[in-house]
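J.:
There are 2 protein chains.
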Amino acid sequence: MAIKAEKPYHREDLRGDLVRAGREYVAANGYHSLSVRTLAQSVGVSPGAPYRHFSDRRALLLAIAIDGYTDLFSAARAINASAHDPEEALIGAGLGYLEFVTANPRLAELMYESELTSPSIDPALLEYQHIGQAALTEPLRAAVPDCDEAELAIRVLALWSSIYGFATLRKRQMVSEFVPHGLASDEVARRTITLAVHAAIRG
Amino acid sequence: MAIKAEKPYHREDLRGDLVRAGREYVAANGYHSLSVRTLAQSVGVSPGAPYRHFSDRRALLLAIAIDGYTDLFSAARAINASAHDPEEALIGAGLGYLEFVTANPRLAELMYESELTSPSIDPALLEYQHIGQAALTEPLRAAVPDCDEAELAIRVLALWSSIYGFATLRKRQMVSEFVPHGLASDEVARRTITLAVHAAIRG
DNA sequence: CAGACAATGTAAGCGCAGCTTACATTAATG
DNA sequence: CATTAATGTAAGCTGCGCTTACATTGTCTG
Chain A
0 MAIKAEKPYH
10 REDLRGDLVR
20 AGREYVAANG
30 YHSLSVRTLA
40 QSVGVSPGAP
50 YRHFSDRRAL
60 LLAIAIDGYT
70 DLFSAARAIN
80 ASAHDPEEAL
90 IGAGLGYLEF
100 VTANPRLAEL
110 MYESELTSPS
120 IDPALLEYQH
130 IGQAALTEPL
140 RAAVPDCDEA
150 ELAIRVLALW
160 SSIYGFATLR
170 KRQMVSEFVP
180 HGLASDEVAR
190 RTITLAVHAA
200 IRG
Chain B
0 MAIKAEKPYH
10 REDLRGDLVR
20 AGREYVAANG
30 YHSLSVRTLA
40 QSVGVSPGAP
50 YRHFSDRRAL
60 LLAIAIDGYT
70 DLFSAARAIN
80 ASAHDPEEAL
90 IGAGLGYLEF
100 VTANPRLAEL
110 MYESELTSPS
120 IDPALLEYQH
130 IGQAALTEPL
140 RAAVPDCDEA
150 ELAIRVLALW
160 SSIYGFATLR
170 KRQMVSEFVP
180 HGLASDEVAR
190 RTITLAVHAA
200 IRG
């Protein structure tokens with residue numbers, strides 16, 4: 000009899016393995032070139048097997064993106080909990096998002112700039128957008144107590160636009176194109192985020 | 000002899016025809032599903048012909064994107080010329096970009112959110128980024144005369160982050176998610192852009 | 001003006017990927 | 001224990017990016 004344990008016909012958690020391996024691949028090479036076949040092979044399974052767990056390549060990408068969202072938001076919760084005042088919470092949220100995008104640029108691309116968000120965002124991702132929205136809305140409401148909801152919503156949108164836009168441009172290494180002098184990148188980030196937060200607070 | 004004019008073996012401007020047809024396709028269906036073969040067929044040419052003019056599918060997409068940039072910047076020049084003061088020029092630039100993205104969402108996706116910009120922006124597109132940068136830098140310099148260049152660059156970056164971020168979120172129809180009340184979309188846009196412009200002017 | 005040459009098109013095919021269908025194997029259920 | 005659903009495999013269809021070899025045509029030069 001063989002010493003090696005025969006690999007079982009049914010495996011423990013193929014779906015999870017695919018998401019994890021897929022996430023590693025995306026982190027290394029980006030989502031564009033991710034192939035269901037190659038991914039299947041890399042986890043040691045036949046080319047058709049993933050389709051038992053994902054209807055589409057798109058569904059697989061969606062699962063990977065959602066996996067990324069859970070990480071992002073657990074980090075965001077930690078930051079929010081350790082903030083002492085609303086302004087600090089807002090700046091922390093912005094810088095936290097920046098850090099996440101910097102640490103996981105390819106994953107962020109899948110989450111925020113892929114076919115999952117175009118032409119309009121995938122319904123399955125809407126819930127996560129609302130969580131992110133709340134992470135800005137609550138502190139801002141606290142910072143600007145007497146402010147009607149419509150105005151608050153606009154300011155949240157403007158703030159999120161700034162944070163998202165800056166993070167995206169930075170991910171593409173376009174900050175050095177705009178700010179050619181040898182300013183420290185972190186300093187530029189801090190200035191930009193605080194500028195946006197202050198604009199949102201004072202209107 | 001045939002009444003129809005035989006179609007010539009060599010055509011006038013296949014490259015241009017491919018770019019035009021490609022742009023139409025992208026506008027209608029997005030760049031993701033654009034296929035070189037199908038595009039070749041749609042302009043009545045064999046599947047290999049496009050490769051005489053474009054080394055890659057990517058090179059074709061690049062040409063389509065550049066075609067879009069020329070349109071965007073010619074519109075931007077017109078707006079800039081008709082502005083009466085720097086603040087008006089900045090707001091006009093922002094709203095002009097918004098209009099372009101709203102009118103050409105799929106094309107904007109190719110220009111600003113495709114594999115051409117990821118992981119870092121394609122060198123062939125850098126020139127166009129500089130043009131866009133200048134369209135904000137000059138009016139802002141005029142609006143804030145005594146401001147050193149580094150500070151000016153940071154504010155331009157912050158302003159462009161806001162404009163780009165807002166336009167992108169709006170393209171994904173996420174504005175209605177953030178601002179659920181029946182506020183007119185144009186009103187939200189105007190408020191957001193002016194907010195960003197004022198923040199950039201006063202620091 | 002003729003022949004060489006470059007430019008630009010076609011025909012055919014390789015390799016790979018998404019996805020489907022038919023079948024095999026195993027776990028769960030009554 | 002037999003049945004059934006779940007989950008894997010094998011094989012193949014279709015379409016696409018890209019290459020190579022060849023056909024056609026405009027242009028340049030002796």
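Taken in sequence, the protein lines are chains A and B. Sequential numbering from 0 applies to the first sequence in numbering that gives the first Met the number 0. Sequential numbering from 0 applies to the second sequence in numbering that gives the first Met the number 0. Beta carbons: idealized from backbone N, C-alpha and C, even for Gly.
Please classify Ser-161 (chain A): is it buried, with 16 or more other beta-carbons within 10 angstroms of its beta-carbon, or exposed?
T.: The residue you call residue 161 (chain A) lines up with position 162 of the first sequence. So Ser-161 (chain A) ends up on the buried side.
J.: Quick one, which residues of the stretch 86–115 of chain A are near chain B if we go by CB-CB under 8 Å, in chain order?
T.: If the cut-off is 8 Å between Cβ atoms, the stretch 86–115 of chain A has Pro-104, Arg-105, Glu-108, Glu-112 and Glu-114 near chain B.
J.: What's the gap between the Cα of Glu-195 (chain B) and the Cα of Ser-73 (chain A)?
T.: For this step, residue 195 (chain B) is matched to residue 196 along the second sequence. For this step, residue 73 (chain A) is matched to residue 74 along the first sequence. One detail in the question is off: residue 195 (chain B) reads as Ala in this sequence, not Glu. Each residue's alpha carbon lies about 30 Å from the other.
J.: According to DSSP, simplified to helix, strand and coil, what is Gln-172 (chain A)?
T.: Within the first sequence, the letter at position 173 stands for residue 172 (chain A). Gln-172 (chain A) falls in the coil class under three-state DSSP.
J.: Mind pulling the chain B residues with CB within less than 9 Å of Arg-171 (chain A)?
T.: The residue you call residue 171 (chain A) lines up with position 172 of the first sequence. Going along chain B in sequence order, the residues near Arg-171 (chain A) (Cβ under 9 Å) are Thr-116, Ser-117, Pro-118, Ser-119 and Ile-120.
J.: Here's a check: name, in chain order, each residue in its chain whose Cβ is nearer than 7 Å to the Cβ of Leu-168 (chain B), leaving out the five neighbours to either side.
T.: The sequence position of residue 168 (chain B) within the second sequence is 169, counting from 1. Correct list, in chain order: Val-174.
J.: May I ask you to check if the CB of Ala-134 (chain B) is nearer than 6 Å to at least one heavy atom of the ligand ATP?
T.: The model depicted lacks the ligand ATP and carries no ligand whatsoever.
J.: List the residues of chain A whose Cβ lies closer than 7 Å to the Cβ of Thr-69 (chain B), in chain order.
T.: The residue labelled residue 69 (chain B) in the question sits at position 70 within the second sequence. Correct list: empty, because the minimum Cβ distance to chain A is about 20 Å.
J.: Distance, Cα to Cα, Leu-17 (chain A) vs Glu-176 (chain B)?
T.: If you number the first sequence from 1, residue 17 (chain A) lands on position 18. If you number the second sequence from 1, residue 176 (chain B) lands on position 177. Rounded to whole angstroms, Leu-17 (chain A) to Glu-176 (chain B) spans 31 Å at the Cα level.
J.: Can you list the residues of chain A that Phe-53 (chain B) reaches, using a CB-CB cut of under 8 Å?
T.: By one-based count along the second sequence, residue 53 (chain B) stands at place 54. The premise fails here: Phe-53 (chain B) is roughly 18 Å from chain A at the closest Cβ pair, so nothing lies under 8 Å.
J.: Does the beta carbon of Gly-164 (chain A) sit closer than 7 Å to a beta carbon anywhere in chain B?
T.: In the first sequence, residue 164 (chain A) corresponds to position 165, counting from 1. Yes, because at least one Cβ of chain B sits closer than 7 Å to the Cβ of Gly-164 (chain A).
J.: Against chain A, with Cβ distances strictly below 7 Å, would Ala-152 (chain B) count as a contact?
T.: For the purposes of this step, residue 152 (chain B) is taken as the residue at position 153 of the second sequence. Interface residue, yes.
J.: Quick test of the definition: if touching needs 3 or more C-beta pairs under 8 Å, does the stretch 41–55 of chain B touch the stretch 94–104 of chain B?
T.: No, the stretch 41–55 of chain B is not in contact with the stretch 94–104 of chain B.
J.: Of all the CB atoms in chain B, is at least one closer than 7 Å to the CB of Ala-188 (chain A)?
T.: If you number the first sequence from 1, residue 188 (chain A) lands on position 189. No, Ala-188 (chain A) does not count as interfacial toward chain B.
J.: Please give the ranges of any alpha helix (DSSP H) in the stretch 75–133 of chain A, keeping only runs that are unbroken, at least 4 residues long and fully inside the region.
T.: Fully enclosed alpha helix (DSSP H) runs of 4 or longer: 85–102 and 104–112.
J.: Determine the direct distance from the alpha carbon of His-180 (chain B) to that of Arg-190 (chain B), and round the result to whole angstroms.
T.: By one-based count along the second sequence, residue 190 (chain B) stands at place 191. By one-based count along the second sequence, residue 180 (chain B) stands at place 181. Using only the alpha carbons, I get a separation of about 15 Å.
J.: Which class does Phe-177 (chain A) belong to by DSSP, given the choice of helix, strand or coil?
T.: Counting from 1 along the first sequence, the entry for residue 177 (chain A) is found at position 178. In the structure shown, Phe-177 (chain A) sits in a helix (DSSP, three-state: H, G or I).
J.: Just to confirm the assignment, what range does the alpha helix (DSSP H) spanning His-197 (chain B) have?
T.: Sequence index remark: in the second sequence, residue 197 (chain B) carries index 198 (1-based). Unbroken alpha helix (DSSP H) run through His-197 (chain B): 184–201.
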